[in-house]
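Participant:
Residue numbers (the working numbering): 1 to 478.
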């Protein structure tokens, strides 16, 4: 796999001014711990799919300031020479814990924990949020689309409307983790080994004297990979009859027409009518591909109306993560421990109060392998069946961890002193993990609308610590 190198200047200016201030006040080497998490599941859904970790780790491992970077910072007139000299020798040497990519995760859970010197763990905030927020959002969108399309396949078609070249590249990566089986993006195919798929545009048809001539020319060029776009003029009166003619001609030459693509109109109706015409012509092997501004809601509607689509090409709404509750993940990066002391962001809204200190993230799994709930506890705490755990937003609500379950660590150390601890996984492994874990969620969690709310609880000792720190900080204000 190829990964581009990101500039160390891919950050907000205030990260660098804070870093310079820490350096000036001799605080830059003090130990600190930050958690990256999001508060609400995207798309008003019941879950999210964690993505972007390997991209983030590659960024961290290669984080260096070049002479050109330092010259630019010097030109801003904000930073003194001792600080710039410090940056010249800077490299990331912190520790990272995170779930594997493709893991099902939920709002409020600490996903990526970064522990090291204050300078280094502060500097990487913006870049980590940029990478993890985007790929987690797109992986989640892809999972929703795939589940809506099942048993049909999903191909990512979003490059031309993605948010820039990097959005197109890493959007295709994240979509594959979430369940897309290919991409139209040949750069993503080269970079990540994702199968590349595609046919031709309407302009191909319009460049020939007539539709049949265009179909024959394309079949002549790509006899073993021929999928024909049939809606340039009239899908049922022209496109499908001409595709049948070319399909028969290909068969006579020892090849088969692979598919036809519908890109406009009533896709449920057109796909059913196309299927009937193809089957009647003895071309039952021909797959029906559909595109045209699809998302999970439209796909669910097509399937509920009996649509006969085998492959969905999903572009804009997948590559941009658009839709109700989408467009951005809203992940945050908060200080939870500094200079040996747990830290807490105090707020009048308890749902937005952070969870202090180093933590573990546990998943309660029953004997059948089904997920029951997740529990966040302090790193040094133990949680066992029979313990009472609490809703972090409303501690008056609590649950008992049931007997006969296992409590599994969701996260693991992935980087230590800037050194990668694990071999990079293939995207297929990540995608398989995603598909497996989605099927192990409680019934109703996968619903597109009004999903079951998966329980995320905190341990009694973490609850006590948060309460004590809140009382301490509010006492200072009084």
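Backbone N, C-alpha and C fix where the C-beta goes; we use that ideal spot for every residue, glycine too.
Could you tell me which of 415, 279, 114, 102 sits nearest to residue 514, measuring between CA atoms?
Facilitator: Examination of residue 514 is not possible in this model, given that the chain is present from 1 through 478 alone.
Participant: Assuming residue 114 and residue 34 are in contact, meaning their beta carbons sit under 8 Å apart, how far apart are those beta carbons, in whole angstroms?
Facilitator: Indeed, because the Cβ distance is near 5 Å, the residues count as touching under 8 Å.
Participant: Quickly, what does DSSP pair residue 115 with across the bridge? List them, please.
Facilitator: DSSP, once it has assigned bridges, lists 33, 95 as partnering residue 115.
Participant: So if DSSP puts residue 342 in a beta bridge, which residue, or which two residues, is it bridged to?
Facilitator: Per DSSP, 337.
Participant: Could you give the distance in angstroms between the alpha-carbon of residue 392 and the alpha-carbon of residue 157?
Facilitator: Distance between the alpha carbons of residue 392 and residue 157: 40 Å.
Participant: Quick check on residue 14: buried or exposed, where buried means 16 or more other Cβ atoms within 10 Å of its Cβ?
Facilitator: That one is exposed.
Participant: Of all the options 182, 299, 283, which has the alpha carbon lying nearest to the alpha carbon of residue 290?
Facilitator: The candidate whose alpha carbon is nearest that of residue 290 is 299.
Participant: How long is the line joining the alpha carbons of residue 338 and residue 292, rounded to whole angstroms?
Facilitator: About 51 Å.
Participant: Applying the 10 Å Cβ sphere with the 16-neighbour rule, what's the burial state of residue 168?
Facilitator: By the neighbour-count rule (16 or more Cβ atoms within 10 Å), residue 168 is buried.
Participant: Tell me whether residue 464 is buried or exposed, calling it buried when 16 or more other Cβ atoms sit within 10 Å of its Cβ.
Facilitator: Exposed, because fewer than 16 other Cβ atoms sit within 10 Å of the Cβ of residue 464.
Participant: Would residue 347 pass as a contact of residue 334 if the rule is Cβ separation under 7 Å?
Facilitator: In this structure, residue 334 does not lie closer than 7 Å to residue 347 by Cβ.
Participant: Quick check on the burial criterion: 16 or more other C-beta atoms within 10 angstroms. Buried or exposed for residue 359?
Facilitator: With 16 or more Cβ atoms within 10 Å of its Cβ, residue 359 is classed as buried.
Participant: Could you give the distance in angstroms between the alpha-carbon of residue 238 and the alpha-carbon of residue 216?
Facilitator: About 14 Å.
Participant: So, are the CB atoms of residue 374 and residue 456 less than 7 Å apart?
Facilitator: For residue 374 and residue 456, yes; Cβs fall inside 7 Å.
Participant: Taking the alpha-carbon of residue 233 as reference, which of 38, 212, 199 has the nearest alpha-carbon?
Facilitator: It is 212 whose Cα lies nearest to the Cα of residue 233.
Participant: Residue 313 and residue 177 look like a contact to me (Cβ under 8 Å); what is the Cβ gap, rounded to whole Å?
Facilitator: Residue 313 to residue 177, Cβ: 18 Å. No contact.
Participant: Using the DSSP secondary-structure output, state which residues sit across from residue 374 in a beta bridge.
Facilitator: BP columns for residue 374 point to 363, 456.
Participant: Just grab the DSSP bridge partners of residue 183 for me.
Facilitator: Answer by DSSP bridge pairing, in chain order: 156, 196.
Participant: Counting Cβ pairs closer than 8 Å, one from the stretch 127-145 and one from the stretch 46-63, do we hit at least three?
Facilitator: Taking 8 Å as the limit for Cβ pairs, the verdict is that the stretch 46-63 does touch the stretch 127-145.
Participant: What does DSSP give as the partner residues of residue 7 in its beta bridges?
Facilitator: Answer by DSSP bridge pairing: none, since residue 7 is not bridged.
Participant: Looking only at C-alpha atoms, which of 28, 43, 66, 193 sits nearest to residue 324?
Facilitator: Per the Cα distances, 43.
Participant: Look at residue 308 and residue 271 and say whether their C-beta atoms are less than 7 Å apart.
Facilitator: Yes. Within cutoff.
Participant: According to DSSP, residue 390 sits in a beta bridge with which residue or residues?
Facilitator: 398, 458.
Participant: Under 6 Å Cβ to Cβ from residue 99, same chain only, skipping five residues before and after it: list those, please.
Facilitator: 50, 410, 411, listed in sequence order.
Participant: When DSSP builds the beta bridges, which residues end up paired with residue 415?
Facilitator: In the DSSP output, where bridge partners are listed per residue, residue 415 has 96, 420.
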